[in-house]
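Following the working numbering, the numbering of the sequence shown begins with 4 at its first residue and continues without gaps.
All residues carry an ideal CB built from backbone N, CA and C; glycine is no exception.
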Amino acid sequence: MRSAPRSRTARCLTAAALASALLIGGPAGAAQAQAVGAASTAPAEDADTTTLRIATSGFVDTFNPFISIYLTPTNIIRYVYESLVQNDAEDGSPTKGLADSWEASDGGRTWTFTLQDDLVWSDGEPITSADVKFTYDQMMTVPALGTANGNLVSNFDTVEAPDDKTVVIKLKTPQAPNPGSEIPIVPKHIWEEVEDPTTFANDTDVVGSGPFLLKSYAANQSIELEANEEFWRGAPKIDGIQYVYYTNSDAQVQALKAGDVDLVTGLTPTQFDALQNVEGVTTHSGEGRRFHSLSINLGQQTRENEPYGTGSEALKDVNVRQAIRLGTDIETLLDKVLAGEGTLATSFIPASFPKWHLPEDHPAIMPFDPDAAKAKLDDAGWTPGADGIREKDGQKLALRLLIDAEDSNEQSISDFFVPWMKDIGIQITVESTDSDTISAKAVSGDYDLYFSGWSVNPDPDYQLGINTCFNLPTSTDGSGGTTQDGYCNPEFDELYAEQRSELDEEKRQEIVQEMLALNYTDTAQVATWYANSLEAYRSDRFTGFTLQPKDTGIIANQAGYWGYLTVEPVEGATEGGTGTNTGLIIGGVIVGVILVGGLVFFLVRRRNMADVE
Numbered sequence: 004m005r006s007a008p009r010s011r012t013a014r015c016l017t018a019a020a021l022a023s024a025l026l027i028g029g030p031a032g033a034a035q036a037q038a039v040g041a042a043s044t045a046p047a048e049d050a051d052t053t054t055l056r057i058a059t060s061g062f063v064d065t066f067n068p069f070i071s072i073y074l075t076p077t078n079i080i081r082y083v084y085e086s087l088v089q090n091d092a093e094d095g096s097p098t099k100g101l102a103d104s105w106e107a108s109d110g111g112r113t114w115t116f117t118l119q120d121d122l123v124w125s126d127g128e129p130i131t132s133a134d135v136k137f138t139y140d141q142m143m144t145v146p147a148l149g150t151a152n153g154n155l156v157s158n159f160d161t162v163e164a165p166d167d168k169t170v171v172i173k174l175k176t177p178q179a180p181n182p183g184s185e186i187p188i189v190p191k192h193i194w195e196e197v198e199d200p201t202t203f204a205n206d207t208d209v210v211g212s213g214p215f216l217l218k219s220y221a222a223n224q225s226i227e228l229e230a231n232e233e234f235w236r237g238a239p240k241i242d243g244i245q246y247v248y249y250t251n252s253d254a255q256v257q258a259l260k261a262g263d264v265d266l267v268t269g270l271t272p273t274q275f276d277a278l279q280n281v282e283g284v285t286t287h288s289g290e291g292r293r294f295h296s297l298s299i300n301l302g303q304q305t306r307e308n309e310p311y312g313t314g315s316e317a318l319k320d321v322n323v324r325q326a327i328r329l330g331t332d333i334e335t336l337l338d339k340v341l342a343g344e345g346t347l348a349t350s351f352i353p354a355s356f357p358k359w360h361l362p363e364d365h366p367a368i369m370p371f372d373p374d375a376a377k378a379k380l381d382d383a384g385w386t387p388g389a390d391g392i393r394e395k396d397g398q399k400l401a402l403r404l405l406i407d408a409e410d411s412n413e414q415s416i417s418d419f420f421v422p423w424m425k426d427i428g429i430q431i432t433v434e435s436t437d438s439d440t441i442s443a444k445a446v447s448g449d450y451d452l453y454f455s456g457w458s459v460n461p462d463p464d465y466q467l468g469i470n471t472c473f474n475l476p477t478s479t480d481g482s483g484g485t486t487q488d489g490y491c492n493p494e495f496d497e498l499y500a501e502q503r504s505e506l507d508e509e510k511r512q513e514i515v516q517e518m519l520a521l522n523y524t525d526t527a528q529v530a531t532w533y534a535n536s537l538e539a540y541r542s543d544r545f546t547g548f549t550l551q552p553k554d555t556g557i558i559a560n561q562a563g564y565w566g567y568l569t570v571e572p573v574e575g576a577t578e579g580g581t582g583t584n585t586g587l588i589i590g591g592v593i594v595g596v597i598l599v600g601g602l603v604f605f606l607v608r609r610r611n612m613a614d615v616e
């Protein structure tokens, strides 16, 4: 399941920009959101000390686990539905989920899972292998139900349930990644009664198997989860979690200081520093699992090679794309924009996963070199004009860069990027707009360049898979697939199949890094950084947050459900805040804070997913 977005992963929006998407859309929606934010200064109700309040500005596409690709709902889904195999809190490795044990045989072609004893759904019905088979069969036979995680079952041949506790997955080819990971298992007795699962909202009285249950959802008004007393690891120590919506991240910080919320994540370095010595507040900088990048429209096309979108023809030339990479000083961006709160990126697999990450000293890495960038453009036939902007066949080398008007990081990056590109002869026109417009343009291919980012899972298979030709859209409107950047290279696809079947982990690591180097050279995107996740919480009210990974990890936006599973109220903690709630409470209980390294990414654009998780 994407964490992008997931890894679902995909598209991400900032808090303030999301106001328009969350309310009525467009300028009117943004105005209404600002009015709500400004007007929400009435005294807040005292908060129960067993309810964790999280500041956010999340967007929900659907709570249907087969369909959802946005970060807020996919994070919630992680808490509502258990998978066969869970990602361990300590290091993300496979650990018990619904399955107590598993075994691979036939050279990795057959995986046999044995379910735990006495598992039950939240309505008391037993969880059996029939639920698992039903879930996988739906994804394998109905293309639309593979929207979120179809890549994870693309190697499945058959799924059998010989008895109530046994699941046998037979694969087309040997597979190294555990096929029981990342796919939320749904209750057959509920979903087989659904008339059309492809449109089922799944947003009220949801029957689940995870630590929290989705009780109700009113679009743009309320989301309510409650603790699942039947959860096999034991019920959570809090009754629920409440999202509180704010129109900008500064308001979230003030709310945390005032005690109106208990957790804020996705802080900027400045906000993080401002919270360092606030009484009752603990700050945390964790090693994130997201990458940030400049996505390049290299010529969007469907799986049937039908072109779509408005991308510049110039970007179809790898020399031009490599020139953009060589002309971008990512070290300066990390230092000046992110204040060093992160790690330089090499690829779309973060440094927090060192087994798979492309090392900085890899031969494929191209350091900042404007002269080399100019040489690339010379080789491609682009010659400087009288104004310094390069020309070819009567056309100027002019590109559009979409940025979010409410995202200070994107604005700051563009301030550096535009003159860097002018120096090598590329004219950049910055188109500043709202985040939902960027999302729509990203899907339809109506862009040249835009900023992207995804959350990545402990095993790289999913993120690699959404860079294959197989995951390109099926329609020229950009729908029917989950692709990271519209990338398609048959050589990459061959390596993808090879790494998936390689059971020797060291050999698989070599193949994965070869894939990352190929993608790097092809330059479908310029990865900039892996930002630290900057979080802060009211330690005078709550304690016991579990990090993933154990020592250097994060609370929110995990590849699992550990962050809020073990949290508990501080003994003697007082209730409520100061009565100056500066945001809009999105009622009830909700799980899964959304954040994207360094930037306050709340909505996972599909190509920004994101991630997914």
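In its chain, beyond the 5 residues on either side, N412, S415, I416 have a beta carbon closer than 6 Å to the beta carbon of V340. Pairing G345 with G127, the inter-Cα distance amounts to about 45 Å.
When DSSP reads this structure, A354 sits in no beta bridge, so it has no partner. Contact between the segment 110-129 and the segment 443-456 is not established, with fewer than three Cβ pairs separated by less than 8 Å. In the pairwise beta carbon analysis, the segment 246-263 is classified as touching the segment 59-73: at least three pairs are separated by under 8 Å. Close CB contacts of F495 within its chain, under the 7 Å cut and outside five residues either way in sequence, are with N470, T471, M518, L521, N522 (chain order). Using a Cβ distance threshold of 9 Å, V256 and A559 do not count as a contacting pair.
Taking the CA atoms as reference points, W423 sits about 13 Å from E334. Rounded to the nearest angstrom, the Cβ distance from E434 to L402 is 11 Å, too far for a contact under 8 Å.
DSSP places T138 in the helix class (H, G or I) of the three-state scheme. Within the same chain, and ignoring the five residues on either side of K395 in sequence, the residues whose Cβ sits closer than 6 Å to its Cβ are G384, W385. A residue is called buried when at least 16 other Cβ atoms come within 10 angstroms of its Cβ; A221 does not meet this threshold and is exposed. Out of D94, A277, A179, the CA that lies nearest to the CA of E508 is found in A179.
If you check the CB distance, W532 and H360 do not come in under 9 Å. A direct Cα-to-Cα measurement between F371 and D167 gives close to 58 Å. For secondary structure counted as the beta strand (DSSP E) over 3 or more consecutive residues, the segment 151-175 holds these complete runs in sequence order: 159-166, 169-174. From the listed residues S184, G183, N205, the smallest Cα separation to P190 is found for N205. Annotation for G566: the continuous alpha helix (DSSP H) segment containing it runs 565-568. Close CB contacts of V210 within its chain, under the 7 Å cut and outside five residues either way in sequence, are with W124, S125, D126, P190, I193 (chain order).
Ranked by Cα distance from T161, the first of R541, M142, A151 is M142. D374 and D426 have their C-alpha atoms spaced approximately 10 Å apart. Within the segment 326-395, the alpha helix (DSSP H) runs of at least 4 residues that lie entirely inside it are, in chain order, 333-339, 373-382. Cβ neighbours of Q274 within its own chain (closer than 6 Å, five residues either side excluded): V256. For T115, the enclosing beta strand (DSSP E) covers residues 113-118. When only Cα atoms are considered, G269 and G291 end up about 11 Å apart. Under the criterion of beta carbons closer than 8 Å, G95 and Q516 do not qualify as touching, at roughly 18 Å.
For E513, there is no enclosing beta strand (DSSP E); the enclosing alpha helix (DSSP H) has its first and last residue at 508-525. Between V88 and A102, the gap from beta carbon to beta carbon is short of 9 Å. Around the beta carbon of A258, 16 or more other beta carbons sit within 10 angstroms, so the residue counts as buried. In the same chain as Q304, and ignoring 5 residues on each side of it, the C-beta atoms closer than 8 Å to its own belong to P310, Y311, L475, G489, C491, in chain order.
Check the Cα spacing between E185 and each of S132, P387, V459: the tightest is with V459. The three-state reading of DSSP puts L318 in helix, counting H, G and I together.
The DSSP-derived three-state label of P182 is coil. Closest in C-alpha terms to T485, from the list W457, P362, G388, comes W457.
Excluding five sequence positions before and after L329, the CB atoms of its chain that fall closer than 6 Å to its own CB belong to M369, D372, A375, A376, given in chain order.
Separation of the CB atoms of I79 and L217 is rounded to 7 Å, and the pair is thereby assigned contact status at 8 Å.
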